[in-house]
Amino acid sequence: MIYWDIFLAFFIPGIIGYGGGPASIPLIEYEVVHRYGWLTVVEFGEVLALGNAMPGPIATKMAGYIGFEQGGILGAIVGVFATVAPSLVLMIALLSLLMKFKDSPKVKAMTSLVRPTIAVLLGLMTYRFFDTSYFQLGIIQTVALVVIAYVLLERLKVHPAYVIGGALLYGGIFLG
128 MIYWDIFLAF FIPGIIGYGG GPASIPLIEY EVVHRYGWLT VVEFGEVLAL
178 GNAMPGPIAT KMAGYIGFEQ GGILGAIVGV FATVAPSLVL MIALLSLLMK
228 FKDSPKVKAM TSLVRPTIAV LLGLMTYRFF DTSYFQLGII QTVALVVIAY
278 VLLERLKVHP AYVIGGALLY GGIFLG
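Take 128 as the starting number for the sequence shown in our numbering and just add one per residue.
Here is the structure:
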């Protein structure tokens, strides 16, 4: 039953919390402090401060922490899933709607305008990553990582998840 309570405590704020994580914080507080009594107001404030000190979306960090405190690892998974589930459901619904009208001239025009924008944003992100890597790691490691990733992805057709995992492992062992 605790997992269902954890799910509801974070799913409901995700559904009715228009405006993202910061807008849903008072709703999460109501659920975990007043409705379920898992935390006091002071403890909630401390969890909020801890969550704000770490990178990433605040609501998922709070859901993971509170879910873990209430139900262990499975509780953390349930809490995080409940936080992202409303967006996930909406994205699936919108994608199915988009696929239904994919042959529409208006949808084709929209996607033809969105694709270059996404390409530019990804290009800028890649440039920033490369620039940061160059100044923090040096040119030799940066070029070596780029060449290895290129060979693995384009020549050997290794799945990107394995390349990313390998890069994370390399960074954790040799750069951490």
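Note that the Cβ used here is the ideal one computed from N, Cα and C, for glycine as well.
Handout entry: Segment limits, alpha helix (DSSP H) that includes Asp305
Key = No answer is possible for residue 305: the residues shown for the chain start at 128 and end at 303.
Problem - the segment 200 to 208 in contact with the segment 129 to 142 per 3-pair CB rule at 8 Å - result: Per the Cβ contact rule, the segment 200 to 208 is in contact with the segment 129 to 142 (3 or more Cβ pairs under 8 Å).
Problem - Assigned exposure category for Met218 - 16 Cβ within 10 Å defines buried - result: Counting Cβ neighbours within 10 Å, Met218 comes out exposed, since fewer than 16 surround it.
Practice task
Tell me whether Tyr163 sits in a helix, a strand or coil according to DSSP, three-state version.
Solution key: In the structure shown, the three-state DSSP call for Tyr163 is coil.
Exercise for the section: Let me know the secondary structure DSSP gives Gly343 once reduced to three states. Expected result: Outside the shown range of the chain, which is 128 to 303, sits residue 343, and nothing can be said about it.
Problem - Spatial distance of Phe171 from Pro213 (CA atoms) - result: Each residue's Cα considered, the two are about 23 Å apart.
Exercise for the section: Could you tell me if Glu173 is buried or exposed, where buried requires 16 or more neighbouring beta carbons within 10 angstroms of its beta carbon? Expected result: Glu173 counts as exposed, since fewer than 16 other beta carbons sit within 10 angstroms of its beta carbon.
Handout entry: Simplified DSSP assignment, three categories, for Val285
Key = If DSSP states are grouped into helix, strand and coil, Val285 belongs with coil.
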